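Residues in the sequence shown are numbered from 915 upward in steps of one, following this note's numbering. Glycine residues also receive a C-beta, built at the ideal position from the N, C-alpha and C atoms. Fair warning: this is a prediction, and the values are worked out from it, not measured in the lab. Worksheet: the structure to be examined is printed underneath.
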Amino acid sequence: MLDREVQLEKATIPETGRYRSSTRSLGDPDDIERLAALLIRSERPAILFGSQVWAARAHHAAIDLVRALNIPAYFNGAARGILPPGDPHHFHRTRRDAFNKADVIVIVGTPFDFRMGYGKRLRQDATVVQVDMDYRTVGKNRDVSLGLTGDPRAILTAVLAATTARAITVRVGVKTGWLSCVSSRRRKPKS
């Protein structure tokens, strides 16, 4: 607010800069390392990707993570279609069974709402991790073991980098057995 009138022709108006701030929040680096450690140590992990994965353009990071760590992936909302149905990491109708047997469940970009039974459909003693762009959603309707707030693409990329930096070859073999177990429960399509 100015305390007097300024003539436009005498005013100095600076040119706009080229810098634009980024809205991509990485999340807490310590939590990134914790999630990487959980995924490496887990024997039966499962991941559910929600609409924020698509909105944040995190689909490539999501695909890279599940393929590198050999984790069964489930999708809801706008995240459907990130992986083609024939991909060995794409699962659909086995979600309830997988979430009842998984030791680590990662929920990325979707709330614990009616589709998830408000979080009650997850194995109660599983380690549950929630990644969301909105801090108010993390842990809402269900307690989580670890919550990360930030951009899904930045977080998934950082988690993959953290797991790649560690020796993961031993654990990937264990996850292959888990992936086969979940695959065997797929329903055969009716012809």
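On the CB-based measure, 16 or more other CB atoms within 10 Å of its CB, does residue i come out buried or exposed?
i: residue 989; result: buried
i: residue 1034; result: exposed
i: residue 1071; result: buried
i: residue 1049; result: exposed
i: residue 941; result: buried
i: residue 922; result: exposed
i: residue 956; result: buried
i: residue 1084; result: With a pLDDT of 46 at residue 1084, under the threshold of 50, the predicted position of this residue should be treated as unreliable, though the coordinate-derived value follows. The residue is exposed, with fewer than 16 neighbouring Cβ atoms inside 10 Å.
i: residue 926; result: exposed
i: residue 1107; result: The question about residue 1107 has no answer here: the residues shown for the chain are numbered 915 through 1105.
i: residue 973; result: buried
i: residue 1096; result: buried
i: residue 1051; result: buried
Do residue j and residue i have their beta-carbon atoms positioned less than 8 Å apart in this structure?
i: residue 964; j: residue 993; result: yes
i: residue 1004; j: residue 997; result: yes
i: residue 1068; j: residue 948; result: no
i: residue 930; j: residue 966; result: no
i: residue 1018; j: residue 1045; result: no
i: residue 1074; j: residue 984; result: no
i: residue 1028; j: residue 1056; result: no
i: residue 1078; j: residue 960; result: no
For the ligand SAM, I want to know if residue i counts as a neighbour, meaning its beta carbon is within less than 7 Å of at least one of the ligand's heavy atoms.
i: residue 990; result: Absence of the ligand SAM from the depicted structure is noted, as is the absence of any ligand whatsoever, leaving it without description.
For residue i and residue j, which I take to be in contact (beta-carbon distance under 8 Å), what is that distance rounded to the nearest angstrom?
i: residue 1030; j: residue 970; result: 20 Å between Cβ atoms; not a contact.
i: residue 1042; j: residue 1036; result: 6 Å
i: residue 946; j: residue 1076; result: 6 Å
i: residue 958; j: residue 1016; result: 5 Å
Could you check whether the stretch 995-1014 touches the stretch 944-954, counting it as contact only if at least three pairs of C-beta atoms, one from each stretch, sit closer than 8 Å?
Taking one beta carbon from each stretch, the stretch 995-1014 and the stretch 944-954 have fewer than 3 pairs nearer than 8 Å; the two do not touch.
Would you call the stretch 969-988 and the stretch 1055-1063 in contact, with 3 or more CB pairs under 8 Å?
With a cut-off of 8 Å, the stretch 1055-1063 and the stretch 969-988 do not count as touching, because too few Cβ pairs lie within range.
In chain order, what are the residue ranges of uninterrupted alpha helix (DSSP H) at least 4 long that sit wholly in the stretch 925-956?
You should have 943-955.
Counting only runs of 3+ residues fully inside the stretch 950-1032, write out the beta strand (DSSP E) ranges in chain order.
Counting only runs of 3 or more residues that sit fully inside the stretch 950-1032, the beta strand (DSSP E) segments are 959-963, 987-989 and 1018-1022, in chain order.
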